[in-house]
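S.K.: I have a structure I would like to understand better, so I am pasting it below and will then ask my questions one at a time.
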């Protein structure tokens, strides 16, 4: 058996879908990337790195593998970002119907659109919480409303969005910014109470989308569009821990890993992030 195809590897995989509480859905899609290509290799790199994780989480005291984590075959749909989003929406809808916690692993950020649509149909009072360097609020980019630069514009049509860590946007995106729900990186640095301010904007049900370029390039260089002065790992994880305490996380995604064969540390960071989010749910 090739354990590199299963999240948590040989020590933590679950082969019985019916017994699993968590379903990892790889979506190796890179169709709308606009600078560094290679995020289609992200899911495989993250899952392979997860095989080196210890299953026991020191912080929470939980053994992540005991949740039952089933890794699905990847969604392969390269005809268009619209078709890919439809395929993801169908897959997530099926997982929700089966009572699974969906964990979507990209791929570039456009893979999240289908998950947003499935979640909005399932949960009436949902908020989408975005960790990202970029606002992703363009109405259209390079001829497509399903470009990775338009992800949160699509999400905003479906449910309230809260944006954390943003430090790059274009002029046209400003009109779509909700100041109470936008937490720019420079504001986070100046506000010791920023996490409580984020919490005040969330509903009971929360779907989290994590673009890995939210992190500073010093710890996460392997992304398609890195931005300087990013958040550190503990800042993101501690915010998620607070959400887990007060809200119902109904699913999450980790996207935009663009692996580099010469540096595996970012792959491990991404895998550890998935593992630690799961350990707190």
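Numbering (our numbering), first residue to last: -5 to 275. Built from N, CA and C at the ideal position, the CB exists for glycine as well. Because the structure is a prediction, the values reported are computed rather than measured.
Where does the unbroken beta strand (DSSP E) through residue 64 begin, and where does it stop?
M.R.: Stepping through the chain shown from its first residue, residue 64 is reached at position 70. Per DSSP, the continuous beta strand (DSSP E) segment holding residue 64 begins and ends at 63 to 65.
S.K.: Pick out the complete beta strand (DSSP E) segments inside the segment 14 to 73, 3 residues or longer, and give them in chain order.
M.R.: 16 to 21 and 63 to 65
S.K.: At what residues does the beta strand (DSSP E) containing residue 121 begin and finish?
M.R.: Mapped onto the chain shown, residue 121 falls at position 127. The continuous beta strand (DSSP E) containing residue 121 extends over residues 120 to 125.
S.K.: When DSSP labels each residue in this structure, what does residue 96 get in the three-state scheme?
M.R.: Sequence index remark: in the chain shown, residue 96 carries index 102 (1-based). In the structure shown, residue 96 sits in a strand (DSSP, three-state: E or B).
S.K.: Nearest-angstrom Cα distance between residue 74 and residue 174?
M.R.: The residue labelled residue 74 in the question sits at position 80 within the chain shown. The residue labelled residue 174 in the question sits at position 180 within the chain shown. So the alpha carbons of these two residues sit roughly 34 Å apart.
S.K.: So, with DSSP's three-state summary, where would you put residue 245?
M.R.: The residue given as residue 245 occupies position 251 in the chain shown. In the displayed model, residue 245 falls within a strand according to three-state DSSP.
S.K.: For residue 111, tell me which candidate among 133, 95 and 79 has the shortest Cα-Cα distance.
M.R.: Here residue 111 corresponds to residue number 117 of the chain shown, with the count starting at 1. Selected option, being the one with the closest Cα: 79.
S.K.: Measure the alpha-carbon distance for residue 213 versus residue 260 and round it to whole angstroms.
M.R.: Sequence index remark: in the chain shown, residue 213 carries index 219 (1-based). Sequence index remark: in the chain shown, residue 260 carries index 266 (1-based). Roughly 7 Å between the two C-alpha positions.
S.K.: When you compare only the Cα positions, how much space is there between residue 63 and residue 17?
M.R.: As a first step, residue 63 is located in the chain shown; it is residue number 69 there, counting from the start. As a first step, residue 17 is located in the chain shown; it is residue number 23 there, counting from the start. Rounded to whole angstroms, residue 63 to residue 17 spans 6 Å at the Cα level.
S.K.: Could you pull the DSSP bridge partners for residue 128 from this structure?
M.R.: As a first step, residue 128 must be located in the chain shown, where it is residue number 134. Its beta-bridge partners are 162.
S.K.: Please list the terminal residues of the continuous alpha helix (DSSP H) segment that includes residue 145.
M.R.: Taking the chain shown and counting its residues from 1, one reaches residue 145 at position 151. Note, residue 145: alpha helix (DSSP H), 145 to 150.
S.K.: Among 192, 155, 129 and 146, whose alpha-carbon lies nearest the alpha-carbon of residue 164?
M.R.: Translated into the one-based positions of the chain shown, residue 164 becomes position 170. Ranking 192, 155, 129 and 146 by Cα distance to residue 164 puts 129 first.
S.K.: Going by beta carbon distance, what residues of the same chain come within less than 7 Å of residue 277, once the five residues before and after it are set aside?
M.R.: This structure gives no information on residue 277, because the portion of the chain shown stretches from -5 to 275.
S.K.: Distance check for residue 143 and residue 223, CA to CA, integer angstroms please.
M.R.: The residue you call residue 223 lines up with position 229 of the chain shown. The residue you call residue 143 lines up with position 149 of the chain shown. Approximately 20 Å between the Cα atoms of the pair.
S.K.: Going by the CB atoms, is the gap between residue 255 and residue 207 shorter than 8 Å?
M.R.: In the chain shown, residue 207 corresponds to position 213, counting from 1. In the chain shown, residue 255 corresponds to position 261, counting from 1. No, these two residues do not count as a Cβ contact at 8 Å.
S.K.: Three or more C-beta pairs closer than 8 Å, one from the segment 261 to 273 and one from the segment 40 to 50: is that the case here?
M.R.: yes
S.K.: Using 8 Å for Cβ pairs, my map puts residue 183 next to residue 221. What's the rounded Cβ distance?
M.R.: Translated into positions along the chain shown, residue 183 becomes position 189. Translated into positions along the chain shown, residue 221 becomes position 227. The pair is not a contact, with the Cβ atoms about 14 Å apart (cut-off 8 Å).
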